[in-house]
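Residue numbers (my numbering): 4 to 506.
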């Protein structure tokens, strides 16, 4: 998965369109830092993290020492409300918080070395273990229960949860049940990859020994999460579902027709843990040391669980977000002009989010307009030539055409690779092409590589201009990565919910 995909596109040379940049940075830009290229105002965590992003998506197998050398630990998870989700273009949730804390923990252990980053890679549930075993991730943090079947494939950390029972939850369409044996001959819907499926199979073995009919196991789409199954039960689409015993409680204010059956237990004392490849003793030791102070029952663990599970506003955040709805409404325009100018449309979406939160009504004090915060003078320049940028499509068109102009006019040197051409064009969009030319020249004089943005031209920009262009580029790449990783998961889940009859 390439970090940035941007190909060359012919463009006639022309005069400098705007010396100070087409738009303005959002309120996230910090105050100018001119004295120290690594000053506190510069978001170095984000900037450096994504410099290595292209490499971290490549399959790789090894233990913690190799991860530290590569400077990336890849954490596999699933997109799920409360645990990992995108809000206002940023990763949020319990898993994200744990990843941030684990990153701090790891870097305390490698003091004096280059920083190691923990990167979250969301996948479908049935891809968690295959991705881990194939080297597309290094840890699984996705509410994974320890089961004998999984223990044959991977190793687990110490448990991160208190004992959990897997119980039945029923809805308005459920017939009366006196006990678990009444499920004989009935149908249960589960994800094939879930521990629930293993638990129902164990029940079937018990029923067979008693001479009873087995439960009919039907699998559902792997994109459906537990909250989707709970919603299907609540609306009567399913009569019941198997679920961890704490989950009906957190959804009680959202789905009011659920009836937990703690007396119908499929698995007692299940424990959730982090997963890793076998023969990873260094990683296992680090993870277990970290979790002893950050799992359920610890001060930190309990605070995070309360924030994202017990006290989380599930009704407000359930199932979809305004950001995703807005993204869907605008994405066809970004795709259209992405094809025209050979710019990755998700990158352009990320830039629009950084500029305006994708708000066409946005106006800056400098006169920049709309989603792409482009100045009318820039849009009307012959090198762009787009009228009526008060209209969303024209605004997106003008912004993407201008970005392409910057890339082809000022950064077409064959010594600059495609990723860095685009990164520098983004910086020029913010701070102006003339300034970027000066920064590259100064970078060369100071011994930096003028053809590389991160850790080279970026450092000179921080010292000479301040944190604004550094944050601008880093935030766009951050948002791009969040969109890129989550879009397929979100789209698959939406399709699965529609097929299941969930509006």
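All residues carry an ideal CB built from backbone N, CA and C; glycine is no exception.
Quiz item: Which class does residue 389 belong to by DSSP, given the choice of helix, strand or coil?
Solution: coil
Quiz item: According to the neighbour-count rule (16 or more other Cβ atoms, all chains shown, within 10 Å of its Cβ), is residue 407 buried or exposed?
Solution: buried
Quiz item: Which residue comes first and which comes last in the alpha helix (DSSP H) that contains residue 81?
Solution: Careful: residue 81 lies outside any alpha helix (DSSP H) and carries neither H nor E.
Self-check item: Extent of the continuous alpha helix (DSSP H) run through residue 431
Solution: 421 to 434
Quiz item: Just how far apart, CA to CA, sit residue 29 and residue 471?
Solution: Because the pLDDT at residue 29 is just 28, under 50, the model does not fix this residue reliably, and the point stays unresolved.
Quiz item: Hey, quick one: how far does the beta strand (DSSP E) through residue 114 stretch, first residue to last?
Solution: Careful: residue 114 lies outside any beta strand (DSSP E) and carries neither H nor E.
Practice problem: For residue 179, decide whether its Cβ has a neighbour in chain D, counting only Cβ atoms nearer than 9 Å. | Solution: Here there is only one protein chain, and chain D is not present.
Quiz prompt | Cβ neighbour criterion (16 or more within 10 Å) applied to residue 507 | solution = Because the chain is modelled from 4 through 506, residue 507 falls outside the range shown and cannot be assessed.
Exercise. Identify the continuous alpha helix (DSSP H) that holds residue 292 and give its terminal residues.
Key: 284 to 294
Quiz prompt | Coil, strand or helix - residue 272 by DSSP | solution = strand
Quiz prompt | Where residue 439 sits in the DSSP three-state scheme | solution = helix
Quiz item: residue 468 to residue 441, Cα distance in whole Å?
Solution: 11 Å
Self-check item: Of the residues 436, 336, 435 and 430, the one placed nearest residue 474, counting alpha carbons only
Solution: 430
Exercise. Starting from residue 173, follow its DSSP beta bridges and name the residues at the other end.
Key: 243 and 262
Exercise. Given a cut-off of 9 Å, decide if residue 156 and residue 136 are closer than it, judged by their beta-carbon atoms.
Key: yes
Self-check item: beta strand (DSSP E) runs contained entirely in the segment 151 to 209, provided each spans 3 or more residues
Solution: 167 to 173 and 190 to 194
Quiz item: Run through DSSP, which three-state label would residue 219 get?
Solution: strand
Practice problem: On the DSSP bridge assignment, give the partners of residue 143 in chain order. | Solution: 79 and 278
Quiz item: Smallest Cα separation from residue 362: which of 382, 394 and 380?
Solution: 394
Self-check item: Bridge-paired residues (DSSP) for residue 267
Solution: The partner list for residue 267 (beta bridge, DSSP) is empty, contrary to what the question assumes.
Quiz prompt | Which listed residue (456, 169 and 359) has its alpha carbon closest to that of residue 421 | solution = 456
Quiz item: Out of 383, 229 and 61, which has the shortest C-alpha to C-alpha gap to residue 86?
Solution: 229
Self-check item: Supposed contact pair residue 460 and residue 448 - C-beta distance, whole angstroms, cut 8 Å
Solution: Contact flag wrong, Cβ pair sits at about 12 Å.
Self-check item: Proximity to residue 96 [Cα-Cα], best of 81, 267, 233 and 483
Solution: 81
Quiz item: Sorted by chain position, which residues of the same chain lie with C-beta nearer than 6 Å to residue 424's C-beta, five sequence neighbours on each side aside?
Solution: 410 and 414
Quiz prompt | C-beta atoms of residue 102 and residue 143 nearer than 9 Å | solution = no
Quiz prompt | Enclosing alpha helix (DSSP H) for residue 410 [first to last residue] | solution = 395 to 413
Quiz item: Which one or two residues does DSSP pair with residue 476 in a beta bridge?
Solution: Residue 476 pairs with nothing; no bridge assigned.
Practice problem: Kindly list the residues whose CB is nearer than 7 Å to the CB of residue 239, restricted to its own chain and excluding five residues on each side of it in sequence; keep chain order. | Solution: 174, 175 and 176
Practice problem: Could you tell me how far apart the beta carbons of residue 351 and residue 337 are, in whole angstroms, since I believe they sit closer than 8 Å? | Solution: 5 Å
Quiz item: Comparing alpha-carbon positions, which option in 427, 348, 432 and 225 lies nearest residue 454?
Solution: 427
Self-check item: Supposed close pair residue 160, residue 276 - CB separation, criterion 8 Å
Solution: 5 Å
Practice problem: Identify every residue that forms a DSSP beta bridge with residue 366. | Solution: 372
Self-check item: Residues near residue 291 by beta carbon distance below 7 Å, same chain, minus five either side
Solution: 160 and 161
Quiz item: Which residue's Cα is closest to the Cα of residue 67: 121, 404 and 149?
Solution: 121
Quiz item: With DSSP run on the structure shown, which of helix, strand or coil describes residue 460?
Solution: helix
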